[in-house]
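Structure record follows, encoded as structure tokens.
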Amino acid sequence: MEIISDYLVIGSGIAGLIFAIKASRYGKVIIITKKTQSETNTNYAQGGIATVFSDDDSFKSHIDDTLSAGCGLSHENVVNMVIKNGPRVVKELLDLGINFSENNGQLDLGREGGHSKNRIVHTKDYTGFEIEQKLLNRIKNSDNIRILENHMALDLIINDNGICIGVKSLDRENGNIDHYLAKIVLLASGGGSRIYKFTTNPTIATGDGIAMSYLKGASVGNMEFVQFHPTSLYEKNPISEKSFLISEAIRGAGAILKTPDGKEFMSKYHEKASLAPRDVVARAIDKEMRINKYQYALLDLANIHQVEENFPNIMKECKKRDIDISYDMIPVVPAAHYLCGGVKSNLMGKTDIEGLYVAGEVAFTGLHGANRLASNSLLEALVFAENVYKESINKLDKDVKFSYNRDGIMQLVFVNDNMVEGYRVRIRDTMWDMVGIVRNNNRLFKADSIISDIYVNISDMINDGKISSQLFEVRNMAITSLLVIRSSIARKESRGLNFNEDYPDIDNSNFKSDTIIKRRNNEKQTGTNGKTF
762 MEIISDYLVI
772 GSGIAGLIFA
782 IKASRYGKVI
792 IITKKTQSET
802 NTNYAQGGIA
812 TVFSDDDSFK
822 SHIDDTLSAG
832 CGLSHENVVN
842 MVIKNGPRVV
852 KELLDLGINF
862 SENNGQLDLG
872 REGGHSKNRI
882 VHTKDYTGFE
892 IEQKLLNRIK
902 NSDNIRILEN
912 HMALDLIIND
922 NGICIGVKSL
932 DRENGNIDHY
942 LAKIVLLASG
952 GGSRIYKFTT
962 NPTIATGDGI
972 AMSYLKGASV
982 GNMEFVQFHP
992 TSLYEKNPIS
1002 EKSFLISEAI
1012 RGAGAILKTP
1022 DGKEFMSKYH
1032 EKASLAPRDV
1042 VARAIDKEMR
1052 INKYQYALLD
1062 LANIHQVEEN
1072 FPNIMKECKK
1082 RDIDISYDMI
1092 PVVPAAHYLC
1102 GGVKSNLMGK
1112 TDIEGLYVAG
1122 EVAFTGLHGA
1132 NRLASNSLLE
1142 ALVFAENVYK
1152 ESINKLDKDV
1162 KFSYNRDGIM
1172 QLVFVNDNMV
1182 EGYRVRIRDT
1192 MWDMVGIVRN
1202 NNRLFKADSI
1212 ISDIYVNISD
1222 MINDGKISSQ
1232 LFEVRNMAIT
1242 SLLVIRSSIA
1252 RKESRGLNFN
1262 EDYPDIDNSN
1272 FKSDTIIKRR
1282 NNEKQTGTNG
1292 KTF
């Protein structure tokens, strides 16, 4: 069945929702999301939105902090544009009824690693949840927006003129495959850190938007820069398949990282100690754990006042695990958290596929460079969602041909999901063991060989007409993983989040540039083992 709307949005996080609210003023919007509407990375974001509001802060300071964290690869024009639009887009959220934390009638501005000033607008330690729920409530009252839950986008639809006009989508409840068509297609499908065994991301974060775009010829950039959050909650026997994130704000409030025997250690790695940028902190914890055979590091909260008042969600989750943070230190380990790379876009969110736009973690905009500054991601999502909205207004009057190749969409055989779950586990184990915080060429080449084989097997199943949401998720995980691996192999230096033991230094002469991968005219990328994807 074909369903046509003015706008089609893939994903129901902050980028997709804020775009839909604005676009609904001009036309009908359909949002498809592969699980429930609130199962997004936004919903789990604890920290907040970095923006300049205080008199002792400045755009220059925020820009300088962002450029410093980005290790020479952040695009200065993008950084300037995003940060200078920050106060305005946050005020728009206030107008939409978002309740941010206040102190004496003013926004309570927190501080996180890498920031030189207090500038994090937040709602205690559940900012993402507050934003997600308020935006969803707003959408419920709109006659022009329709959200379809449990619909997984399988592939982009490109018309006879090379324009993206929609997606093929699997209804996970009844098994139907429908074609959703629109003049404007926004990918706001989030990141892909579920390619790693240990991650703070929910199960939906399998790199779907990145993989679908790459397969249709979109440029993908800087995929080697995977951010590992330094402080996810360590659990010997996890009660959830998603690692619980201990917000960076807790260190901004005064928590100190210590070894299990109680010794502070970050001061020997960076002048900002426990408030160093995330890549520095994650590598430091990883090194301390490897050298000393520790299973975790500790966060000492003794310097923080009103712990329960400011961090109620963290306190609640820790109590579930018999940790009382009013006097216990919190055991933490790094976990995969955020992809700084993604589908390459310009300042207006346009990809190099006509008609296809991106916003949020799925996008590579140039803001983050080699390492994302804490709490810049929600800000980026808001600004680029608005840019796409502005860009799209004039496109609605344009004639778009909804004619495309409908071959290969008839007889489909549903596959037993148990057949592909082993591949999912193998990908996640391989990425964690071989493409983690510290890399080397030997492990990267081995990972490429293992995951290339998985991709070939999965592709053969899909080409034979087999289908399930799990099968396509594992395909997307394999593609996203290979993009990370091959981008890392191509970058023969250590910069930001990409640390390679074989090239331990920054090489500005040869690698002060973005890593771009593009699949041209169905030509496949060749792997290190000669296999293609």
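Under the numbering used here, residues 762 to 1294 are what the sequence shown spells out, in order.
Ideal Cβ positions, reconstructed from N, Cα and C, are used throughout, including at glycine.
Same chain, Cβ closer than 6 Å to residue i, neighbours up to 5 away in sequence not counted
i	result
D1178	S1229, Q1231
I906	A781, S785, V790, I900
K958	R1189, D1190, W1193
I1170	Legend: pLDDT at I1170 = 49, less than 50; position of this residue unreliable, value from coordinates given subsequently. Excluding residues within five positions, none has a Cβ falling inside 6 Å.
N911	R933, E934
E863	D869
D1040	N1132, G1257, L1258
Residue range of the beta strand (DSSP E) that includes residue i
i	result
H823	Premise fails: H823 lies in the alpha helix (DSSP H), 820-830, not in any beta strand (DSSP E).
T992	987-994
Y941	938-948
G970	Not the beta strand (DSSP E): G970 falls in the alpha helix (DSSP H), residues 969-976.
L917	912-919
G1103	1103-1105
I791	790-793
L1018	1017-1019
Three-state secondary structure assigned by DSSP to residue i
i	result
K1111	strand
S1230	helix
L1157	coil
R955	helix
V1199	strand
V1123	coil
E763	strand
D1266	coil
G982	strand
R1044	helix
F780	helix
E1009	coil
R880	coil
T964	coil
I775	helix
K1029	helix
R1133	coil
F1260	strand
L1243	helix
I1052	helix
A1251	helix
R907	strand
L1117	strand
A1097	strand
V770	strand
Boundaries of the alpha helix (DSSP H) in which residue i is found, first to last residue
i	result
Y1150	1138-1154
L1062	Careful: L1062 lies outside any alpha helix (DSSP H) and carries neither H nor E.
I1223	1202-1224
E1182	1179-1195
S930	Not the alpha helix (DSSP H): S930 falls in the beta strand (DSSP E), residues 925-932.
L897	888-901
K845	837-845
Y805	802-805
7 Å CB neighbourhood of residue i in its chain, flanking five on each side removed
i	result
G808	E873, I881, H883, T888, S1008, E1009, A1010, A1135, S1136
I1084	I1091
D1275	L834, G982, N983
D826	G875, H876, S877, L1134
N735	For residue 735 there is no data in the structure shown, the boundaries of the chain being 762 and 1294.
I924	E1115, G1116, V1161
E800	P963, I965
Sequence-distant residues of its chain with Cβ nearer than 8 Å to residue i (five each side left out)
i	result
F1272	R1252, K1253, E1254, R1256
S1154	The sequence shown places Ile at residue 1154, rather than the Ser named in the question. Excluding residues within five positions, the ones whose Cβ falls inside 8 Å are Y787.
K795	N911, H912, M913, A914, R933, I965, D969, S1230
L828	S835, E837, V840, G1130
Cβ separation of residue i and residue j, assumed to be a contact under 8 Å, to the nearest whole Å
i	j	result
F1072	K885	7 Å
E893	N860	Actually they are not in contact, since the Cβ atoms of E893 and N860 sit about 13 Å apart, beyond 8 Å.
N1202	D1266	The pair is not a contact, with the Cβ atoms about 15 Å apart (cut-off 8 Å).
K1033	L1059	With a Cβ gap of about 19 Å, K1033 and L1059 do not count as contacting.
L942	S974	That pair is no contact at about 17 Å.
S1220	R1236	7 Å
K895	L857	6 Å
T1241	A1096	That belief does not hold up - the Cβ atoms of T1241 and A1096 are roughly 17 Å apart, past 8 Å.
R1247	G978	Incorrect: roughly 17 Å between the Cβ atoms, too far for contact.
A1124	S1106	5 Å
A1016	L1062	5 Å
Residue-level contact to chain B via CB, residue i, 8 Å cutoff
i	result
G951	Among the protein chains of the structure shown there is no chain B, as only one such chain exists.
Which full runs of the alpha helix (DSSP H) of 4+ residues lie inside the segment 847-872, going along the chain?
847-856
What alpha helix (DSSP H) runs, 4 residues minimum, are completely inside the segment 1056-1095?
1068-1071, 1073-1081
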